[in-house]
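Novice: Chains as they are written, first to last, in my numbering: chain A, 1 to 217; chain B, 218 to 434.
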DNA sequence: GTATATAATGAACAAGTTGTTGATTAATCA
DNA sequence: TGATTAATCAACAACTTGTTCATTATATAC
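#1: Report the rounded CA-to-CA distance for residue 389/B versus residue 5/A, giving the unit in angstroms.
#2: By the 9 angstroms beta-carbon criterion, what residues does the segment 233-247 of chain B contribute toward chain A?
#3: Is residue 400/B closer than 8 angstroms to residue 379/B when the C-beta atoms are compared?
#4: Rounding to the nearest angstrom, what Cα-Cα distance links residue 166/A and residue 394/B in this structure?
#5: Can you tell me the Cα-Cα spacing of residue 213/A and residue 148/A, whole angstroms?
#6: Of all the options 258/B, 226/B, 227/B, which has the alpha carbon lying nearest to the alpha carbon of residue 240/B?
#7: When DSSP labels each residue in this structure, what does residue 5/A get in the three-state scheme?
#8: If you count every other CB in all the chains shown that lies within 10 Å of the CB of residue 13/A, and 16 or more means buried, which is it?
#9: Is it buried or exposed, residue 327/B, if we count other Cβ atoms within 10 angstroms and call 16 or more buried?
#10: Taking C-beta pairs closer than 7 angstroms, name the residues in chain B that residue 116/A reaches, listed in chain order.
#11: In whole angstroms, what is the alpha-carbon distance linking residue 345/B and residue 39/A?
#12: Just to confirm, is the Cβ distance from residue 325/B to residue 283/B under 8 angstroms?
#13: Do we get a CB-CB distance below 8 angstroms when we pair residue 123/A with the residues of chain B?
#14: Give the straight-line distance between the Cα atoms of residue 238/B and residue 86/A, rounded to the nearest whole angstrom.
#15: Within the 8 angstroms Cβ cut-off, does residue 269/B reach chain A?
#16: Let me confirm a value: residue 249/A is counted as buried when at least 16 other C-beta atoms fall within 10 Å, else exposed. Which label applies?
#17: Expressed to the nearest angstrom, what Euclidean distance is found between the alpha-carbon atoms of residue 180/A and residue 89/A?
#18: Put residue 392/B into one of helix, strand or coil per three-state DSSP.
#19: Give a yes or no on whether the minimum CB-CB distance between residue 95/A and chain B is below 8 angstroms.
#20: If you measure from the beta carbon of residue 6/A to each beta carbon in chain B, is any gap under 8 angstroms?
#21: Provide the residue span of the alpha helix (DSSP H) that contains residue 93/A, from first to last.
#22: Could you spell out where the alpha helix (DSSP H) holding residue 342/B opens and where it closes?
#23: Please list, in chain order, the chain B residues whose beta carbon lies closer than 7 angstroms to that of residue 156/A.
#24: Short of 7 angstroms in beta carbon distance, which residues of its chain neighbour residue 35/A, apart from the five on each side in sequence? Order them along the chain.
#25: If the cut is a Cβ gap below 8 angstroms, which residues of chain A does residue 273/B touch?
#26: Is the beta carbon of residue 354/B closer than 8 angstroms to that of residue 296/B?
#27: Which residues in the same chain as residue 56/A place their Cβ atom closer than 6 angstroms to its Cβ, once the five residues preceding and following it in sequence are excluded?
#28: When you compare only the Cα positions, how much space is there between residue 309/B and residue 368/B?
#29: Nearest-angstrom Cα distance between residue 403/B and residue 300/B?
#30: Would you say residue 369/B lies against chain A (beta-carbon separation less than 8 angstroms)?
#31: Check whether chain B comes within 8 angstroms of residue 99/A, counting only Cβ atoms and requiring the distance to be less than that.
#32: Using the Cα positions of residue 286/B and residue 130/A, report the straight-line distance between them to the nearest angstrom.
#33: At 7 angstroms on the CB atoms, spell out the chain A contacts of residue 366/B, in chain order.
#34: Going along the chain, which residues of its own chain have a beta-carbon closer than 6 angstroms to the beta-carbon of residue 102/A, five neighbours each way excluded?
#35: Closest Cβ-Cβ distance between residue 447/B and chain A: below 8 angstroms?
#36: Going by DSSP, what residue range makes up the alpha helix (DSSP H) through residue 290/B?
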């Protein structure tokens, strides 16, 4: 990315990004002006416009860059492998690599997933995880008539819980190692929803939810 | 709220709120100006300032009002009752009341929890649920040495998954009834984490995660 | 229904932000 | 070192903001 660029440009962009991050943290994205950023970064306001169209553009490029790095790792996740690890109570190596990628951009994600953060951005990651799971999950599920919960809700649950744990890890200063977080995810997620999908494990047999049911148990 | 208010004021505030919601949906909160809202609502710009300090103030009051209505219901939730329902595969009545409250403000929450939504707002609800659970959960947990997952991660998981399911329900047009959603929540959440906390259910015994562990199982 | 109170309008204000331009200065690359 | 390219600075019109004040319109109370 920064290869083959004039060192002055690299410096300017770093200063602008750093200033943006600090401003988001202190007053939220809504009220940040180009003037704010330029002042804070000690860069001429005109210089800002040599690089970006407006504040949203600066943030958007950064978001895109960070997302792409995560996506490259996330597509390598395989639900079957994850479950295999979970059953052995081991962390899932591919998910460790993924968490390391978040760790590498910790400052950025801490702000973007924090109280001044960006919901649309978080939803993008959730959707990434969701669609990634959908491709694999049908092999695992019992017959549809055995499902206790509609598939879309199950996927929502899996991605929400994962992203939630990720967010908590980031917010709390990333004190646990990626390996430890991965193990937590394995334990919490696969022991849970496996049972919820009607998968072996429990002895309790529960009827399926129909969308118009009153009470069928 | 709208009692004892001049009908003109009520009308103006409704117009302003409606305009704000439509503008957030179409272009996001960041670039909305007072001029935008006034034009869209067909209200004089000066009139806006008779009611609110700025755009953020208008949104903030609305958020606060909606949050308070939810909070009043949420504090009545009791984790023990919820688990009792879950074990009988029944929806939890108190959570149905809560979901009905969301339904009553569906238009607002659909925008606030959607792609143009507000992360800080969503985190407030997550925190509400989290702190509410914390007060009750210690009675349920096995001894600390038996816990498979740190308590803060377990709480994060529970609240994230719940809020995630809620968000999916709202986003997908609230087609299921509150009762059906409640039942989904019961099935997905309590079958899962109960096992994950080391609660009876499973025959598999897994060691506890220590924050510096390498591998201890 | 009429009178009184009060909400909404419309016009005008300085102050601040935006996005752009062109001339000048400074840093980097080869 | 010289040529190239980035950053700076000042100035611009257009727009938004937050406020004021006189005027018009509409509820509410009697």
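Note that the Cβ used here is the ideal one computed from N, Cα and C, for glycine as well.
Specialist: Put simply:
#1: Taking the first residue of the second chain as position 1, residue 389/B is located at position 172. Taking the first residue of the first chain as position 1, residue 5/A is located at position 5. If I take the Cα positions, the gap works out to 45 angstroms.
#2: 245, 246, 247
#3: Position 162 of the second chain holds residue 379/B. Position 183 of the second chain holds residue 400/B. Going by C-beta atoms, residue 379/B is not nearer than 8 angstroms to residue 400/B.
#4: For the purposes of this step, residue 166/A is identified with residue 166 of the first chain, where counting begins at 1. For the purposes of this step, residue 394/B is identified with residue 177 of the second chain, where counting begins at 1. Roughly 30 angstroms separates the two Cα atoms.
#5: Against the first chain, residue 213/A aligns to sequence position 213. Against the first chain, residue 148/A aligns to sequence position 148. For residue 213/A, the predicted model reports a pLDDT of 35, less than 50, meaning its position is unreliable; a value from the coordinates is still stated below. Taking the straight line joining both Cα atoms gives about 13 angstroms.
#6: Locating residue 240/B in the second chain gives position 23, counting from the first residue. Of the listed residues, the one whose Cα sits closest to residue 240/B is 258/B.
#7: On the first chain, residue 5/A is found 5 positions in, with the first residue counted as 1. In the structure shown, residue 5/A sits in coil (DSSP, three-state: anything other than H, G, I, E or B).
#8: Counted from its first residue, the first chain places residue 13/A at position 13. By the 10 Å Cβ count, residue 13/A comes out buried.
#9: To locate residue 327/B, count along the second chain from 1; it is residue 110. By the 10 Å Cβ count, residue 327/B comes out buried.
#10: Here residue 116/A is taken as the residue at index 116 of the first chain, counted from 1. The contacting residues are 337.
#11: Within the second chain, the letter at position 128 stands for residue 345/B. Within the first chain, the letter at position 39 stands for residue 39/A. The alpha-carbon atoms of residue 345/B and residue 39/A are separated by roughly 38 angstroms.
#12: Within the second chain, residue 325/B is the residue found at index 108, counting from 1. Within the second chain, residue 283/B is the residue found at index 66, counting from 1. Contact flag set, yes.
#13: To locate residue 123/A, count along the first chain from 1; it is residue 123. Closer than 8 angstroms: yes.
#14: For the purposes of this step, residue 238/B is taken as residue 21 along the second chain, with counting starting at 1. For the purposes of this step, residue 86/A is taken as residue 86 along the first chain, with counting starting at 1. In a straight line, the C-alpha of residue 238/B is about 43 angstroms away from that of residue 86/A.
#15: Here residue 269/B is taken as the residue at index 52 of the second chain, counted from 1. Answer no: the Cβ-Cβ gap between residue 269/B and chain A never drops below 8 angstroms.
#16: This structure gives no information on residue 249/A, because the portion of chain A shown stretches from 1 to 217.
#17: Within the first chain, the letter at position 180 stands for residue 180/A. Within the first chain, the letter at position 89 stands for residue 89/A. Cα to Cα, residue 180/A sits roughly 12 angstroms from residue 89/A.
#18: For this step, residue 392/B is matched to residue 175 along the second chain. Coil at residue 392/B, not helix or strand.
#19: In the first chain, counting from the first residue as 1, residue 95/A sits at position 95. With 8 angstroms as the cut-off, residue 95/A does not count as an interface residue toward chain B.
#20: In the first chain, counting from the first residue as 1, residue 6/A sits at position 6. False, the Cβ-Cβ gap to chain B never drops below 8 angstroms.
#21: Within the first chain, numbered from 1, the residue matching residue 93/A stands at position 93. That run of the alpha helix (DSSP H) goes 93-104.
#22: The count along the second chain starts at 1 and reaches residue 342/B at position 125. Residues 336-354.
#23: Numbered from its first residue, the first chain carries residue 156/A at position 156. By Cβ distance, chain B contributes 381, 382, 385.
#24: For the purposes of this step, residue 35/A is taken as the residue at position 35 of the first chain. So the list reads 45, once near-sequence residues are dropped.
#25: As a working mapping, residue 273/B is identified with position 56 in the second chain. Simply 30, 31.
#26: Your numbering for residue 296/B matches position 79 in the second chain. Your numbering for residue 354/B matches position 137 in the second chain. Cβ atoms of residue 296/B and residue 354/B: closer than 8 angstroms.
#27: To locate residue 56/A, count along the first chain from 1; it is residue 56. Counting only Cβ-Cβ distances below 6 angstroms, and skipping sequence neighbours, we find nothing.
#28: Locating residue 309/B in the second chain gives position 92, counting from the first residue. Locating residue 368/B in the second chain gives position 151, counting from the first residue. Cα to Cα, residue 309/B sits roughly 24 angstroms from residue 368/B.
#29: Working through the second chain from its first residue, we reach residue 403/B at position 186. Working through the second chain from its first residue, we reach residue 300/B at position 83. The alpha-carbon atoms of residue 403/B and residue 300/B are separated by roughly 8 angstroms.
#30: Position 152 of the second chain holds residue 369/B. Yes, residue 369/B counts as interfacial toward chain A.
#31: Within the first chain, residue 99/A is the residue found at index 99, counting from 1. No, residue 99/A does not count as interfacial toward chain B.
#32: Translated into the one-based positions of the second chain, residue 286/B becomes position 69. Translated into the one-based positions of the first chain, residue 130/A becomes position 130. The alpha-carbon atoms of residue 286/B and residue 130/A are separated by roughly 31 angstroms.
#33: As a position in the second chain, residue 366/B is number 149, starting the count at 1. Those are 184, 187, 188, listed as they occur along chain A.
#34: For this step, residue 102/A is matched to residue 102 along the first chain. Within the same chain, residue 102/A has close Cβ partners 109.
#35: The structure shown does not extend to residue 447/B, since chain B is modelled only from 218 through 434, so no value can be given for it.
#36: If you number the second chain from 1, residue 290/B lands on position 73. Here the alpha helix (DSSP H) through residue 290/B covers 272-291.
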